[in-house]
Amino acid sequence: MNNAFAVAGIVIKEMYRRKDFYVLFILTALITLAMGSFKLFNDDRIVRYLKEICLLLIWISSLVIAITTAARQLPAEKELRTIFPLLAKPITRGQLILGKFLGCWLACGMALLLFYVFFGIISGAREHQFPVFNYLQALWLHWILLAVVVALVLFGSVVLSAVSVNVTISFIVVVGILFVGRHLNKVALQLTEPAQSIVYSIYFAIPHLEFYDVRDLIIHDLPAIPWKIVILAGGYGACYTGLFLFATWLIFRRKALN
Amino acid sequence: MASPALILGLLFALCLSLGSALGSWFQGWSGGRNQSANVLNALIGDSRRMFANHFFAKADAYFHSGYYPTIFDSQKREEESHLAGGHEPAGEEGELHQHDENCKHDESDEPGHQHDASCNHDDSEEASFLGKPKDWIDRFSRNFYPVHHSHLEKGGERELLPWLRVSAELDPQRVETYTIAAYWLRSRLGKVKEAEQFLREGLRANPGSCEIYFELGRIHAEDLKEPAMARNLWEIALRKWAAQEKAGEKPDGFVFQEITGNLAKLALNENDFEQAIYYLKFLKQKSPTPDRIEAQIQELELKLKK
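In structure tokens, the structure reads:
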């Protein structure tokens, strides 16, 4: 496990040396502040639109950070040939994958924490209330989602040929699941066999990332989710993360590195 | 081979000549977006109208605190929209929803049911678009998005306004956006001045709109207590309505009832029975209850004779 953490440490260092996060954070902050500066109908208590815009930007930024960071990990090591000295050390391929995953996930978590602190400050300043418990839940669920996404992208990086292909396909899959994942069952019921069974199978097979999108609850100041449900959602995410990491290891362990 | 500086100079001269030749033509071209003062119009052209609907629906979703059908529940979407029913029909104060044959409310809701956070719609209404969970994923996912029907209240209605503003920016010809925003501004948020300003903005984009004139008249009658101004505006609204009908545009008959009904009410308040009868006769033509209006006319005629 120490080996995995050592690899994770390198990934985190790489993350804060790169400019991606800073650019996305500044963009998010600038757009949110610009939107917040509008005084609509002389009413400065309008806040939900600002929360919606800020959360949308946070979601876009976090997905960009997670997918682009995870997608280049293994291909970059191969391209720069640093994977050979790395694997020459007493580290297994499984530990390397786990380390890469942990590094990306922890780096995303740190970025997410900063984003949510900014969100809390902005909404608190306008709303004069700070539901910490709800924000922590949203942050935690968002982070779990990123674990599944990072694992999925790592899997893509050993299956797909190029980083750009992996990034594009991952974005399409993740955004597709977020938009239509919840509704596939309704779509299936309107179809005839065998299309119905195929769509229903997809519905049950895909990781339901929309579980972790609780933006509407935050925007509309709705009550927090029971912790039992949050823990179950965490378990569900952990299963899919484990599944993707295991599949990545299965392919990577016998993959030629040349 | 000519020197690179010469080629560069020639290309630059060519660009300059073409630029000046095309520039004057482009300025006069009717399809050019640079003439528009609106940034959104310059950026996305007429396609902005497509998005106006989305933002209008978003305002409705906000009114229901996020409990709103998606495109996958589109069949129920029209039936569930309460925002469009934001007007109070004349003489039915507190009625927020224009009830019609599409309404799916319980019988107990009628009449005069006022939608607010205290609304106690039963689960059967919720089930109308969510339905019972179809599987465990569906059941579990309902913990993560709004599943209870509620409405904004106590000034929370202000949260709809940004989306209505965006919708109006995207499609200035959508009259409904102005009248609905004005309704919430004046009736729930007490922002009469802002409501009037927004309606006048709408009027600049839609000078022939009887609905906007009617709403302006309501502001003057109900909030500013200026009956003379209200009457003038409603008379203009009536003329605009008639002009639309004459042009074969099929204007909304409900608006006609509202205008004539309010004009009659105004005349009654001023004990001008003759004028009231005049407008009630108009109202009778389009009213779903002409007998009731006729009885009212006869009653007024009796008063007039006395």
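Read top to bottom, the protein sequences are chains A and B. Position one of the first sequence corresponds to residue 1163 (my numbering), numbered consecutively onward. Position one of the second sequence corresponds to residue 16 (my numbering), numbered consecutively onward. Cβ coordinates follow ideal geometry from the N, Cα and C atoms, glycine included.
Here the alpha carbons of residue 1170 of chain A and residue 1236 of chain A stand approximately 13 Å from one another. In summary, the residues of the segment 1206-1220 of chain A whose CB is separated from some CB of chain B by less than 7 Å are 1207, 1208, 1210 and 1211, in the order they occur in the chain. Interface residue (Cβ-Cβ distance to chain A less than 8 Å): residue 81 of chain B is classified as such. Looking at the backbone, the Cα of residue 74 of chain B and that of residue 1180 of chain A are separated by about 39 Å.
B/185 is the residue among B/241, B/220, B/319 and B/185 whose C-alpha sits nearest the C-alpha of residue 70 of chain B. Assignment of residue 1174 of chain A by DSSP, reduced to helix, strand and coil, places it in the helix class. Nearest in C-alpha terms to residue 1261 of chain A, of all of A/1282, A/1398 and A/1164, is A/1164. Residues of chain B with a Cβ closer than 7 Å to the Cβ of residue 1284 of chain A do not exist; the shortest Cβ-Cβ separation is about 15 Å.
Here residue 68 of chain B is exposed, its C-beta having fewer than 16 other C-beta atoms within 10 Å.
Within chain B, the C-beta atoms nearer than 7 Å to that of residue 1348 of chain A come from 87, in chain order. Residue 1378 of chain A and residue 235 of chain B have their alpha carbons spaced roughly 38 Å apart. Close to chain A, meaning a Cβ-Cβ distance shorter than 9 Å, are the following residues of the segment 204-223 of chain B: 204, 206, 208, 209, 210, 212 and 213. Going by DSSP, residue 1353 of chain A is part of no alpha helix (DSSP H) at all; its letter is neither H nor E. For residue 1304 of chain A, the enclosing alpha helix (DSSP H) starts and ends at 1294-1321.
In the DSSP assignment, residue 69 of chain B falls within the alpha helix (DSSP H) that extends over 63-78. No residue range can be given for residue 1253 of chain A, since it is assigned to no alpha helix (DSSP H) and is classified by DSSP as neither H nor E. According to the DSSP assignment, residue 213 of chain B belongs to the alpha helix (DSSP H) that extends over 207-220. According to the DSSP assignment, residue 284 of chain B belongs to the alpha helix (DSSP H) that extends over 268-284. By the neighbour-count criterion, in which a residue is buried when 16 or more other Cβ atoms sit within 10 angstroms of its Cβ, residue 166 of chain B is buried.
Interface with chain B (8 Å Cβ-Cβ cutoff): residue 1279 of chain A is excluded.
In terms of Cβ geometry, residue 1315 of chain A and residue 1225 of chain A do not form a close pair [threshold 8 Å]. In the DSSP assignment, residue 1183 of chain A falls within the alpha helix (DSSP H) that extends over 1182-1198. In this structure the segment 1281-1301 of chain A touches the segment 1202-1212 of chain A; the number of beta carbon pairs closer than 8 Å is three or more. In the three-state DSSP reduction, residue 1368 of chain A falls in the coil class, being neither helix nor strand. By the criterion of at least three beta-carbon pairs nearer than 8 Å, the segment 216-235 of chain B is in contact with the segment 196-205 of chain B. Taking 8 Å as the CB threshold, residue 160 of chain B lines the interface with chain A. Residue contact check for residue 200 of chain B against chain A: a CB pair falls below 8 Å. The alpha carbon of residue 182 of chain B has as its nearest neighbour, out of B/170, B/21, B/195 and B/36, the alpha carbon of B/195. With contacts defined by Cβ atoms closer than 8 Å, residue 158 of chain B and residue 1339 of chain A do not form a contacting pair. Scanning chain A for C-beta atoms nearer than 7 Å to the C-beta of residue 153 of chain B yields 1347, reported in chain order. Between the alpha carbons of residue 1191 of chain A and residue 1280 of chain A lies a gap of roughly 8 Å.
Contact annotation for residue 149 of chain B against chain A: 1347, 1348 and 1351 [CB-CB distance below 8 Å, chain order]. Identification of chain A residues near residue 156 of chain B by a Cβ-Cβ cut-off of 8 Å yields 1344, 1370, 1372 and 1373, ordered along the chain. Taking residue 174 of chain B as the centre and dropping the five residues before and after it, the same chain places the C-beta of 77 and 167 closer than 7 Å to its C-beta, in chain order. Setting aside the 5 residues that flank it on each side, residue 292 of chain B is surrounded in the same chain by 312 and 315, each with a C-beta closer than 6 Å to its C-beta; the list follows chain order. Looking only at A/1311, A/1194 and A/1304, the smallest Cα-Cα distance to residue 1219 of chain A is reached by A/1194.
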